[in-house]
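Trainee: Just so we're aligned, residue 1 is where the sequence shown starts under UniProt numbering, counting upward by one. Please see the structure below; I have some questions.
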Amino acid sequence: MATMQQSRKMEVFKKSKEEKAKKVLRSTDKREAKPTNFRKFYERGDFPIALEHDTKGNKIAWKVEIEKLDYHHYLPLFFDGLCETEHPFEFFARQGVHDMLEHGGSKILPVIPQLIIPIKNALQLRDRKVMCTTLKVLQHLVVSADMVGEALVPYYRQILPILNIFKNYNLNSGDGIDYSQQKRENIGDLVQETLEAFERQGGEDAFINIKYMVPTYESCMLN
Numbered sequence: 001m002a003t004m005q006q007s008r009k010m011e012v013f014k015k016s017k018e019e020k021a022k023k024v025l026r027s028t029d030k031r032e033a034k035p036t037n038f039r040k041f042y043e044r045g046d047f048p049i050a051l052e053h054d055t056k057g058n059k060i061a062w063k064v065e066i067e068k069l070d071y072h073h074y075l076p077l078f079f080d081g082l083c084e085t086e087h088p089f090e091f092f093a094r095q096g097v098h099d100m101l102e103h104g105g106s107k108i109l110p111v112i113p114q115l116i117i118p119i120k121n122a123l124q125l126r127d128r129k130v131m132c133t134t135l136k137v138l139q140h141l142v143v144s145a146d147m148v149g150e151a152l153v154p155y156y157r158q159i160l161p162i163l164n165i166f167k168n169y170n171l172n173s174g175d176g177i178d179y180s181q182q183k184r185e186n187i188g189d190l191v192q193e194t195l196e197a198f199e200r201q202g203g204e205d206a207f208i209n210i211k212y213m214v215p216t217y218e219s220c221m222l223n
């Protein structure tokens with residue numbers, strides 16, 4: 001009898017151990033997203049935006065001139081929305097960020113410190129779609145205004161660890177890789193492009209700081 005009870009206990013212990021093991025997330029596994037401030041502000045109607053349809057698809061109809069927006073207030077909120085995957089939140093956040101970077105000029109640089117946590121949060125979700133969107137945003141950000149690339153260098157320690165994990169991550173399943181490359185949604189390629197953009201725009205300290213966080217990265221500026 002005692003032996004049977006011991007055997008059952010061992011089975012229960014083994015099962016619980018296996019279940020715990022299943023719950024351990026790998027470094028590339030997707031994380032759960034938390035509600036964003038962007039969504040809260042959008043649902044309250046606090047953004048001066050509306051959805052507009054034209055022959056090319058959807059775009060944002062801004063109710064004010066973008067150049068006149070308070071960038072310290074709005075740009076971090078739109079970056080916060082990069083974590084969103086549902087329509088219309090995902091569309092408004094992504095397009096809103098690109099619109100503001102396009103028209104921000106000198107207003108962008110002073111806001112950089114406020115953008116780091118939203119960028120880090122988006123990347124840390126490890127959601128493939130969110131990562132592709134965020135990497136494209138980072139490539140736009142570094143060329144959006146003078147000195148922005150240099151201003152990001154001190155924050156590489158917060159931004160680059162996830163890029164290091166996904167640097168060689170490619171979709172190698174059938175036609176998927178061709179489709180993802182056409183749509184610029186191959187994460188490994190986007191990571192490489194982003195690191196190269198950081199190096200080109202980050203000044204003389206960029207490469208050594210990228211190399212420290214992403215040891216396999218090779219300079220794109222040696223040729």
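No residue lacks a Cβ here, since even glycine has one placed at the ideal position from N, Cα and C.
For Leu-82 and Pro-110, which I take to be in contact (beta-carbon distance under 8 Å), what is that distance rounded to the nearest angstrom?
Mentor: Incorrect: roughly 20 Å between the Cβ atoms, too far for contact.
Trainee: Rank Val-97, Gln-114 and Tyr-42 by C-alpha distance to the C-alpha of Tyr-158 and give the top, closest one.
Mentor: The question names Tyr, but residue 158 in the sequence shown is Gln. If we check each option's Cα against that of Gln-158, Gln-114 comes out closest.
Trainee: CB-CB under 7 Å to Ile-112, same chain, minus the five flanking residues each way: which ones, in chain order?
Mentor: Cβ neighbours of Ile-112 beyond the five flanking positions: Val-148, Ala-151 and Leu-152.
Trainee: By the three-class DSSP mapping on this structure, what secondary structure does Lys-59 have?
Mentor: In this structure, Lys-59 counts as strand in the three-state DSSP scheme.
Trainee: Tell me where the beta strand (DSSP E) around Leu-82 begins and ends.
Mentor: Per DSSP, Leu-82 belongs to no beta strand (DSSP E) and is neither H nor E.
Trainee: Could you tell me how far apart the beta carbons of Ile-60 and Glu-52 are, in whole angstroms, since I believe they sit closer than 8 Å?
Mentor: At roughly 7 Å, the Cβ-Cβ gap stays under 8 Å, so Ile-60 and Glu-52 are in contact.
Trainee: Write down the C-beta distance between Tyr-212 and Gly-188 rounded to the nearest angstrom, noting that I regard them as a contact closer than 8 Å.
Mentor: Tyr-212 to Gly-188, Cβ: 20 Å. No contact.
Trainee: Can you pull the DSSP bridge partners for Ala-50?
Mentor: Looking at the DSSP assignment, Ala-50 forms a beta bridge with Ala-61.
Trainee: Where does Ile-108 sit, in a helix, a strand or coil, going by DSSP?
Mentor: If DSSP states are grouped into helix, strand and coil, Ile-108 belongs with coil.
Trainee: Ordered along the chain, which non-local residues of its own chain (more than five positions away) have a Cβ less than 8 Å from that of Thr-133?
Mentor: Excluding positions up to five away in sequence, the list reads Leu-82, Glu-90, Arg-94 and Ala-122.
Trainee: Quick one: using the 10 Å Cβ neighbour count with 16 as the cut-off for buried, is Asn-172 buried or exposed?
Mentor: Only weak support exists for where Asn-172 lies, its pLDDT of 42 falling under 50; the coordinates are left without a value.
Trainee: Could you give the C-beta distance for Val-143 and Gln-192, rounded to a whole number, given that I count them as a contact under 8 Å?
Mentor: So it is not a contact: roughly 17 Å between Cβ atoms.
Trainee: Thinking C-alpha only, which one of Val-64, Lys-34 and Tyr-74 is nearest Phe-41?
Mentor: Closest by alpha carbon: Tyr-74.
Trainee: Can you grab the Cα-Cα spacing for the pair Thr-36 / Ala-206, in whole Å?
Mentor: Taking the straight line joining both Cα atoms gives about 31 Å.
Trainee: Is it the case that the Cβ atoms of Phe-198 and Ile-208 are separated by a distance below 8 Å?
Mentor: No, the pair does not count as a contact, with Cβ atoms beyond the cut-off.
Trainee: Would you mind stating whether Lys-63 and Pro-48 have Cβ atoms separated by less than 8 Å?
Mentor: A contact, by the Cβ cut-off of 8 Å.
Trainee: Going by DSSP in three states, Glu-185 sits in which element: helix, strand or coil?
Mentor: Here Glu-185 sits in coil by DSSP.
Trainee: How big is the Cα-Cα spacing for Asp-80 and Gly-45?
Mentor: Going from the Cα of Asp-80 to the Cα of Gly-45 covers about 16 Å.
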